[in-house]
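Report on the following structure.
There are 2 protein chains.
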Amino acid sequence: MGVEKIDTKSKILDIAEGFIVQGGYNAFSFRDIAEAVGIKSASVHYHYSTKADLVSAVMARYTESFFRQLPDPTDESLDPKIMINGFIDGFKAKIVDQRDMSLCTMLTSNKGILPESVGHELAAFYQFLLDWLSRIFVRLEKIDEDSGLIQASQLLACLHGASILVQGTDKPDFFDKALSRWKAHCLPSSLL
Amino acid sequence: MGVEKIDTKSKILDIAEGFIVQGGYNAFSFRDIAEAVGIKSASVHYHYSTKADLVSAVMARYTESFFRQLPDPTDESLDPKIMINGFIDGFKAKIVDQRDMSLCTMLTSNKGILPESVGHELAAFYQFLLDWLSRIFVRLEKIDEDSGLIQASQLLACLHGASILVQGTDKPDFFDKALSRWKAHCLPSSLL
DNA sequence: TTCTATCTACCTAGTGATAGATAGAATTAT
DNA sequence: ATAATTCTATCTATCACTAGGTAGATAGAA
Chain A
1 MGVEKIDTKS KILDIAEGFI VQGGYNAFSF RDIAEAVGIK SASVHYHYST KADLVSAVMA
61 RYTESFFRQL PDPTDESLDP KIMINGFIDG FKAKIVDQRD MSLCTMLTSN KGILPESVGH
121 ELAAFYQFLL DWLSRIFVRL EKIDEDSGLI QASQLLACLH GASILVQGTD KPDFFDKALS
181 RWKAHCLPSS LL
Chain B
1 MGVEKIDTKS KILDIAEGFI VQGGYNAFSF RDIAEAVGIK SASVHYHYST KADLVSAVMA
61 RYTESFFRQL PDPTDESLDP KIMINGFIDG FKAKIVDQRD MSLCTMLTSN KGILPESVGH
121 ELAAFYQFLL DWLSRIFVRL EKIDEDSGLI QASQLLACLH GASILVQGTD KPDFFDKALS
181 RWKAHCLPSS LL
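Take a look at the structure:
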């Protein structure tokens, strides 16, 4: 412990996450990471013994920090419209401004070649996220849980699909086009 | 020419396409393909000299056969609702019944590591498809071209996102959930 | 005789992973 | 307090294997 030099372990995760969102599971090697961190590949293995471990750790950290940033959907003092809008804007920032895919979109498309553990983590991530969105829609539109889940699925699908469209066409405009229904639907009350 | 034994060249494309939709660009090798076809890897190179050539050929064939199957959007004898529904159902068959990603979703997520030529083909594919969908929406809802493109973007995003959701959660139900708005919206007149 | 499609054999460059050494920090024993 | 020990994080060197790609031979068809 002590002076906390910039932790190599999380530096590795940062760089691995960057490589994954740019090219997926098979598009980087331990040597790539080692070079970027400034150590040797054997030292990367010291921190994460296998590639599966490494990707699993990236996913776990992502999930943890993702949900830590989300507000409590049942907090009555928060406007559900603003929560949804914040969520959409956060997603947009990632895929339009940074111009790469979200970690989960990328890993999901790689699911067939991923260690099984990562597959489970992915599924859990989506379940949790859909649940979060559902609760907000239930509040926002005073609907039952099933309908909330449907709304949540639609929004989440639109967001992921929008990122494919932006990436595939190289035209960031498609993000707003694909999301226009939701933007209109979820304008914060302050603007109505 | 002549007796047309089952063409090795297209057998290679079939198998390559299968590998790509299952795991993406980096998840298969010439040796994998050779083994599946029943020849040696050097013989695969005879037909497609580089991996970029091969994937490019897969994409070109896919694009060609995809658009050959689409009806003429301006054909007044065809019901636009049925065309949209047929499109959705075709997509669903691919990703829900066959349980893998569409070639384009997969390649788009791999775009960062793809040969540039394939990137251009992908962009062209999406432009063409969005145009096709736009024309139908313009007819269906008697709207202008810009609004047609917005509808088209939304539907296409929903479809791609639905495939991510299905793959990520392992729950095929999410396809219909994510698409329910469009199914309701585009019921063929015969059922109204 | 030339063309087509295949083969065997190989190359170079990388892959994930391991073994063993080492310098220095932290901990424990005397 | 100091000496002995263990732990941490790194290294060098290497393994067995796979990658995409190439050269050259060959059998059969045109």
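Sequence lines, in order, name chains A and B.
Following UniProt numbering, the numbering of the first sequence begins with 1 at its first residue and continues without gaps.
Following UniProt numbering, the numbering of the second sequence begins with 1 at its first residue and continues without gaps.
Ideal Cβ placement from N, Cα and C applies to all residues, glycine included.
Item checked: Secondary structure, alpha helix (DSSP H): runs of 4+ residues fully inside the segment 93–137 of chain A -> Considered as a whole, the segment 93–137 of chain A harbours 103–109 as its complete alpha helix (DSSP H) runs of no fewer than 4 residues, in chain order.
Checklist line | Residues in the segment 2–34 of chain B having any Cβ partner in chain A nearer than 7 Å | finding: Answer in chain order: Q22, G23, G24, N26 and A27.
Notebook entry, point to check: Are I164/B and H160/A close, meaning C-beta to C-beta below 8 Å?
Noted result: To locate residue 164/B, count along the second sequence from 1; it is residue 164. To locate residue 160/A, count along the first sequence from 1; it is residue 160. For I164/B and H160/A, yes; Cβs fall inside 8 Å.
Checklist line | Residue from L130/B, A157/B and I12/B with nearest C-alpha to V37/B | finding: On the second sequence, residue 37/B is found 37 positions in, with the first residue counted as 1. For the residues L130/B, A157/B and I12/B, the minimum Cα distance to V37/B belongs to I12/B.
Margin query: Within 8 Å of any Cβ in chain A, is that where the Cβ of R68/B sits?
Written below: As a working note, residue 68/B is residue 68 in the second sequence. Chain A, which has no Cβ nearer than 8 Å to the Cβ of R68/B, makes this no.
Item checked: residue 205/A vs M106/A beta-carbon contact at 8 Å -> Shown here, chain A extends from 1 to 192; a query on residue 205/A therefore has no answer.
Margin query: Going by beta-carbon coordinates alone, are S180/A and I150/B separated by less than 8 Å?
Written below: To locate residue 180/A, count along the first sequence from 1; it is residue 180. To locate residue 150/B, count along the second sequence from 1; it is residue 150. Yes. Within cutoff.
Next item on the list: Would you check if the segment 18–34 of chain B and the segment 16–35 of chain A touch, i.e. whether three or more CB-CB distances between them fall below 8 Å?
Entry: By the criterion of at least three beta-carbon pairs nearer than 8 Å, the segment 16–35 of chain A is in contact with the segment 18–34 of chain B.
Check: To the nearest angstrom, how far is it from the Cα of E157/A to the Cα of D75/B?
Finding: Translated into the one-based positions of the first sequence, residue 157/A becomes position 157. Translated into the one-based positions of the second sequence, residue 75/B becomes position 75. It is Ala, not Glu, that sits at residue 157/A in the sequence shown. Straight-line Cα distance between these residues: approximately 31 Å.
Notebook entry, point to check: How should K40/B be labelled, buried or exposed, when 16 other C-beta atoms within 10 angstroms of its C-beta is the threshold for buried?
Noted result: Here residue 40/B corresponds to residue number 40 of the second sequence, with the count starting at 1. Classification for K40/B: exposed.
Item checked: Residue-chain proximity (residue 197/B, chain A), Cβ-Cβ < 8 Å -> The structure shown has nothing for residue 197/B, since chain B only spans 1 to 192.
Check: Cβ atoms of L129/A and I20/A: under 8 Å apart, would you say?
Finding: Your numbering for residue 20/A matches position 20 in the first sequence. Your numbering for residue 129/A matches position 129 in the first sequence. Going by C-beta atoms, I20/A is not nearer than 8 Å to L129/A.
Next item on the list: Counting only the same chain and skipping the five closest in sequence on each side, list residues whose C-beta sits under 6 Å from that of D131/A.
Entry: By 1-based counting over the first sequence, the position of residue 131/A is 131. Excluding positions up to five away in sequence, the list is empty.
Margin query: DSSP three-state label for K183/A, please.
Written below: By 1-based counting over the first sequence, the position of residue 183/A is 183. Looking at K183/A - three-state DSSP - the assignment turns out to be helix.
Notebook entry, point to check: Using the beta-carbon count (16 or more within 10 Å), is F91/B buried or exposed?
Noted result: By one-based count along the second sequence, residue 91/B stands at place 91. Classification for F91/B: buried.
Check: What is the rounded straight-line gap between the Cα of F174/B and the Cα of A42/B?
Finding: Walking along the second sequence from the start, residue 174/B turns up at place 174. Walking along the second sequence from the start, residue 42/B turns up at place 42. Roughly 43 Å separates the two Cα atoms.
Checklist line | Cβ of Y62/A within 8 Å of any chain B Cβ | finding: As a first step, residue 62/A is located in the first sequence; it is residue number 62 there, counting from the start. No, no contact with chain B.
Notebook entry, point to check: Closer than 7 Å, Cβ to any Cβ of chain A: which residues of the segment 150–182 of chain B, in chain order?
Noted result: Of all residues in the segment 150–182 of chain B, I150, S153, Q154, L156, A157, C158, L159, H160, G161, A162, I164, L165, Q167, G168, T169, D170, F174, K177, A178, S180 and R181 have a Cβ within less than 7 Å of some Cβ in chain A.
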